[in-house]
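S.K.: One point on numbering: in UniProt numbering, the residue at position 11 of the sequence shown is 11, and numbering is uninterrupted.
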Amino acid sequence: MGRIAKRKGNFKQNRRKIFLQRHVDQIKEEIERKGVFQAITEHTAVDLELPGLGQYYCLPCDRYFVSNDALNSHYKTKAHKRRLKDLQETPYSLREAEAAGGLSAPDNGRPLRTNHV
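Written out as C-alpha cells, the structure reads:
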C-alpha cells in the first residue's frame with residue numbers, strides 16, 4: 001500500500017480567484033457600453049501595482065500579463081478561446097428567467113375565426 005498524498009493547500013486560493021474576476025455578462029455589458037478600444041485603453045493605464053505595469057491586458061478574460069509575449073501566448077490557450085465563445089452568446093436576461101418561471105404572457109394558441117355575417 002502506498003502513502004496518502006500530501007495536500008498542496010491551493011484549493012481555497014483557486015476557488016476565491018473565480019469570484020475576483022468579472023463575469024461574462026459584466027464584460028459584455030462594458031464592451032457594448034464603451035466599445036472595445038475605449039475599454040482596453042481604460043484598463044491599460046500605467047499602474048505600478050499590476051503585472052507588467054498594467055500595459056498588457058486581455059479584456060475577455062479580465063487578466064493582466066507580465067509581457068507582450070505572455071499575452072500573445074495566452075491568446076492561443078483553450079481558456080481564452082472558451083471565453084471568446086462565451087462572449088458571443090447572448091447573456092441570460094430577465095425575460096428568459098420569467099419565461100422559465102412561467103411568468104410570461106399566456107399562449108392561447110391561434111385565434112379562432114368568427115363568422116360575422
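Note that beta-carbon positions come from the ideal geometry of N, C-alpha and C, so glycine has one too. Just so you know, these numbers come straight off a predicted model, no measurement behind them.
Report the residue from 53, 17, 23 and 59 whose alpha carbon sits nearest the alpha carbon of residue 37.
M.R.: Working through the sequence shown from its first residue, we reach residue 37 at position 37. Out of 53, 17, 23 and 59, 59 has the C-alpha closest to the C-alpha of residue 37.
S.K.: Going by Cα to Cα distance, which pick from 78, 80, 54 and 79 is closest to residue 68?
M.R.: The count along the sequence shown starts at 1 and reaches residue 68 at position 68. For the residues 78, 80, 54 and 79, the minimum Cα distance to residue 68 belongs to 54.
S.K.: Distance, Cα to Cα, residue 57 vs residue 71?
M.R.: Translated into the one-based positions of the sequence shown, residue 57 becomes position 57. Translated into the one-based positions of the sequence shown, residue 71 becomes position 71. Distance between the alpha carbons of residue 57 and residue 71: 8 angstroms.
S.K.: Whole angstroms are fine: how far does the CA of residue 34 sit from the CA of residue 111?
M.R.: Stepping through the sequence shown from its first residue, residue 111 is reached at position 111. Stepping through the sequence shown from its first residue, residue 34 is reached at position 34. Going from the Cα of residue 111 to the Cα of residue 34 covers about 44 angstroms.
S.K.: Given a cut-off of 9 angstroms, decide if residue 39 and residue 30 are closer than it, judged by their beta-carbon atoms.
M.R.: Sequence index remark: in the sequence shown, residue 30 carries index 30 (1-based). Sequence index remark: in the sequence shown, residue 39 carries index 39 (1-based). Yes. Within cutoff.
S.K.: Is the CB-CB distance between residue 43 and residue 61 below 9 angstroms?
M.R.: Here residue 43 is taken as the residue at index 43 of the sequence shown, counted from 1. Here residue 61 is taken as the residue at index 61 of the sequence shown, counted from 1. No; because the gap between Cβ atoms is not below 9 angstroms, this pair is not in contact.
S.K.: So with Cβ pairs under 9 angstroms, would you call residue 77 a contact of chain D?
M.R.: Considering every chain present, this structure includes no chain D. It has just one protein chain.
S.K.: Buried or exposed for residue 65, please, with buried defined as at least 16 other CB atoms from any protein chain shown within 10 angstroms of its CB.
M.R.: Here residue 65 is taken as the residue at index 65 of the sequence shown, counted from 1. Buried is the call here.
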